[in-house]
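Trainee:
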Amino acid sequence: MKSFFRPARRPDPAILREHRPAIRSLQRRGLLRQGISLGALALLTGCDAGDSDAIGAALQRFSRLNDRVQAWIFDPRKLAPTYPASMVLKPPRFNAYYDITEVKPVDGAGWRLELSGLIEDRAPWTATRLAALPQEEMVIRHICVEGWDYIGQWSGVPLGDFLRRIGADTRARYVNFQTADDYPSSIDMATALHPQTLLATRYAGEELPDPFGYPLRLRTSTKLGFKNPKWITAIEVTNHYSPGYWEKLGFNWFSGL
Ligand SMILES: Nc1nc2c(c(=O)[nH]1)N[C@H]1C(S)=C(S)[C@@H](COP(=O)(O)O)O[C@H]1N2
Ligand SMILES: [Mo]
424 MKSFFRPARR
434 PDPAILREHR
444 PAIRSLQRRG
454 LLRQGISLGA
464 LALLTGCDAG
474 DSDAIGAALQ
484 RFSRLNDRVQ
494 AWIFDPRKLA
504 PTYPASMVLK
514 PPRFNAYYDI
524 TEVKPVDGAG
534 WRLELSGLIE
544 DRAPWTATRL
554 AALPQEEMVI
564 RHICVEGWDY
574 IGQWSGVPLG
584 DFLRRIGADT
594 RARYVNFQTA
604 DDYPSSIDMA
614 TALHPQTLLA
624 TRYAGEELPD
634 PFGYPLRLRT
644 STKLGFKNPK
654 WITAIEVTNH
664 YSPGYWEKLG
674 FNWFSGL
């Protein structure tokens, strides 16, 4: 793999046949649209059509490039649609990388929010101290890549307000999250500072139920469901990219408007 734009040779049909399983696997991992041929890919990536590892690596790089462009054109002032409270789904619809019966509730009294990275005041926060901060509420649509969605009413502290309060370097690129269920996640700073990005503690006016992230979860109105980590335990402000749970499996990191 030398350059993205090196003209490709016409791929050998036998090689195409041999690499069909690799294409299927790239498709499953969401790196490839259905229907694109290995020949077209070889042309696109400048890789040898026989080298599916190189093509995979090139696609990962395209995907990261695409992420950077999307982050660049994100409009931090443009608001996502909001809805009347009458449309709110109660209770919300559950999802995680495991079944709802396997949720391990977090003990709110012993819980602490740990802070690290480019932050002046890195002292951990209790749930009581967070609840004493000014709160906002929003009724927004949650969209899961699995193909379902619902309207939810979330309240909590705007993440941007919280970041400024703790003296975070808001020129840093990323805000990373750790969770109680080992579901790392990261978002771009523009999204973190967006007015509709909340550190949510309540749903439909009540304390978050355990399956939905008690005591603290992220709710952003501009990103897909998987970019909204539940059961947050730690926040880091950093310039270093680290992929989240689904990004490691091939999902696009930006995954938002
Ligand atoms: N900690 C954690 N957060 C998570 C997940 C998870 O598995 N673990 N799943 C994500 C996915 S894929 C979706 S669609 C939403 C679902 O949130 P909900 O159960 O509040 O609807 O949570 C996201 N946040
Ligand atoms: Mo999801």
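So that you can map any letter, position 63 of the sequence shown is 486 in the numbering used here, and since no number is skipped, the others follow by simple counting.
By construction, the Cβ of each residue, glycine as well, lies at the ideal position given by its N, Cα and C atoms.
Confirm, please, whether the CB-CB distance from Phe677 to Gln493 is below 8 Å.
Mentor: The answer is yes: Cβ separation under 8 Å.
Trainee: Under three-state DSSP, which class holds Phe497?
Mentor: Phe497 falls in the coil class under three-state DSSP.
Trainee: Compute the distance between the beta-carbons of Pro515 and Tyr637, then report whether it is under 8 Å.
Mentor: No; because the gap between Cβ atoms is not below 8 Å, this pair is not in contact.
Trainee: Verify the contact flag: Thr602, CB atom, against every heavy atom of ligand 1, threshold strictly below 7 Å.
Mentor: Under cutoff, so the answer is yes.
Trainee: How many Å lie between Ala580 and Arg640 at the Cα?
Mentor: In the sequence as displayed, the identity of residue 580 is Val instead of Ala. Each residue's alpha carbon lies about 11 Å from the other.
Trainee: Check whether the stretch 516–524 touches the stretch 564–579, counting contact only when three or more Cβ pairs, one atom from each stretch, lie closer than 8 Å.
Mentor: Segments in contact, yes.
Trainee: What's the call for His663, buried or exposed, on a 16-neighbour Cβ count within 10 Å?
Mentor: Flag for His663 reads exposed.
Trainee: Just curious, the alpha helix (DSSP H) that Phe585 is in, first and last residue?
Mentor: First-last of the alpha helix (DSSP H) with Phe585: 582–588.
Trainee: Quick one: using the 10 Å Cβ neighbour count with 16 as the cut-off for buried, is Met510 buried or exposed?
Mentor: The residue in question, Met510, is exposed, as its Cβ has fewer than 16 Cβ neighbours within 10 Å.
Trainee: Assign Val489 to buried or exposed, taking buried as 16 or more other Cβ atoms, counted over all protein chains shown, within 10 Å of its Cβ.
Mentor: According to the sequence as given, residue 489 is Asn; it is not Val. Under this definition Asn489 is an exposed residue.
Trainee: Could you name the residues that DSSP lists as bridge partners for His565?
Mentor: DSSP output for His565 lists Tyr573 as bridge partner(s).
Trainee: Measuring only the C-alpha atoms, how far is Ser539 from Gln601?
Mentor: Cα to Cα, the separation comes out at about 11 Å.
Trainee: Is Glu670 near ligand 2, going by C-beta to nearest heavy atom under 7 Å?
Mentor: Checking the Cβ of Glu670 against ligand 2 gives no.
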